[in-house]
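Engineer: Please find one structure pasted underneath; my questions will follow.
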Amino acid sequence: MARSLPRALRTVPFTLGYTLVLLGTGLYARLGDPGTVRDLLAGSSTDVSHLSQRPLLTLLVSALWAVGGLTSPYLVAFPLVLGALERRLGAVRTAGVFLLGHVLATLLTEVPVAVSVAAGHLPDSSLRRLDYGVSYGLIACAAALAGLLSPGRRWALLGGVGLALAAGILVDFDPLTGWGHAFALLLGVVSWPYVRRNTRWHGRSRRDDDASPGFAHSERASGNT
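Next comes the structure, spelled out in C-alpha cells:
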C-alpha cells in the first residue's frame, strides 16, 4: 500500500502539481497580510476590465486560487476529479480540458458584459467585478470524466454536479457565475468525442470509475459577494 501510493501519484503529475499550487495560495490567503491578499485577488479577477488589458495573464492568475482557500470544498473535489481524468487521458489532455472550460466559460460570460456596457444596457461598474477561481475548469473536467464512465455512473455524476450547482445558486445567487458554470458543464460534455479517443484507461476495475465531486456551492467569487 505504501509503495503503491507514490506510484499512483506519479501517474497524475498535473493534478498533483496543480493541487499543491492551490494549497499554497490557500495557505497564503490564510496567513498573508489581508490587504496584500485582497489586492492580489482583485488583480486576479477575470472581469472585463482586466481581460481587456492583459487577457492571458488574467486568465492564468485567476486559476491559481480556490475561493474559500484552505476550507474550500473544491480543494477536495479538484484532485478527485482531475486525478481520475488524468489517469485516463494523461496530463496534457487533462490540462487541455481544464483550459477549455476555464477560458471559454469565462469569455462566454464576460464578452456579453462588455457588449452590453458598450451598448449602454449595463453601467460601467459592470466592467469591474471580483471573479476568480478554478470552478469553470473543474466543472468541465467533471463533465468530461462523465463521458468516460458507464451510463449509470455518467448520469449520476452529471446529475450530482447539476444539483450541487443549483443548490449553490440558491445559497449565493450570481447570474454570471451561474451561466459560467452552465457553459463549463456544456463544454465538458461537448469534449466527449475528444476524451474518448485513445484513452489510456483499460477498465481493470470498475471500482475506479468513481469521482463524484462534492460541489456544495458556487466556487467562483463574484462581485456580488
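If you read the sequence shown in my numbering, its first letter stands for residue 1288, the second for the next number, and so on.
Cβ coordinates follow ideal geometry from the N, Cα and C atoms, glycine included.
Note that the coordinates shown come from a computational prediction; the quantities given were computed from them, not determined experimentally.
Decide if residue 1483 is buried, meaning its Cβ has at least 16 other Cβ atoms within 10 Å, or exposed.
Structural biologist: Under this definition residue 1483 is an exposed residue.
Engineer: Given this structure, state the Cα-to-Cα distance separating residue 1392 from residue 1318, to the nearest angstrom.
Structural biologist: Each residue's Cα considered, the two are about 31 Å apart.
Engineer: To the nearest angstrom, how far is the alpha carbon of residue 1301 from that of residue 1376?
Structural biologist: When rounded, the distance between both Cα atoms is 11 Å.
Engineer: Rounding to the nearest angstrom, what Cα-Cα distance links residue 1460 and residue 1406 in this structure?
Structural biologist: Computed Cα separation, rounded: 25 Å.
Engineer: Alpha carbon to alpha carbon, how far is residue 1388 from residue 1340? Give it in angstroms, no decimals.
Structural biologist: Rounded to the nearest angstrom, the two C-alpha atoms are 21 Å apart.
Engineer: With a threshold of 7 Å on Cβ separation, who are the neighbours of residue 1299 within its own chain once the five nearest residues in sequence on each side are excluded?
Structural biologist: 1370, 1373 and 1374, listed in sequence order.
Engineer: Roughly how many whole angstroms lie between the Cα atoms of residue 1304 and residue 1456?
Structural biologist: About 30 Å.
Engineer: In terms of residue numbering, what span does the alpha helix (DSSP H) encompassing residue 1334 cover?
Structural biologist: Run containing residue 1334: none; DSSP gives neither H nor E here.
Engineer: Less than 9 Å between the C-beta atoms of residue 1338 and residue 1345, yes or no?
Structural biologist: Yes, the Cβ-Cβ distance between residue 1338 and residue 1345 is below 9 Å.
Engineer: Using the three-state DSSP reduction, which class does residue 1410 fall into: helix, strand or coil?
Structural biologist: Note: residue 1410 maps to coil in three-state DSSP.
Engineer: So is residue 1430 buried or exposed if we call it buried at 16+ other beta carbons inside 10 Å?
Structural biologist: Looking at its Cβ environment, which holds 16 or more other Cβ atoms inside 10 Å, residue 1430 is buried.
Engineer: Hey, would you say residue 1423 sits closer than 9 Å to residue 1467, going by beta carbons?
Structural biologist: Yes.
Engineer: Is the closest heavy atom of the ligand NAD to the C-beta of residue 1467 under 8 Å?
Structural biologist: Within the structure as shown, the ligand NAD is missing, as the structure has no ligands at all.
Engineer: Can you list, in chain order, the residues of its chain with a C-beta nearer than 7 Å to that of residue 1306? Leave out the 5 residues immediately preceding and following it.
Structural biologist: Correct list, in chain order: 1365 and 1366.
Engineer: Keeping to the same chain, check which residues put their C-beta closer than 6 Å to that of residue 1348; ignore five residues upstream and five downstream.
Structural biologist: Excluding sequence neighbours, residue 1348 sits near 1331.
Engineer: Might you give, ordered along the chain, the residues of its own chain that have their beta carbon closer than 8 Å to the beta carbon of residue 1449, omitting 5 neighbours on each side?
Structural biologist: 1472, listed in sequence order.
Engineer: Which residue's Cα is closest to the Cα of residue 1413: 1294, 1475, 1333 and 1381?
Structural biologist: The candidate whose alpha carbon is nearest that of residue 1413 is 1333.
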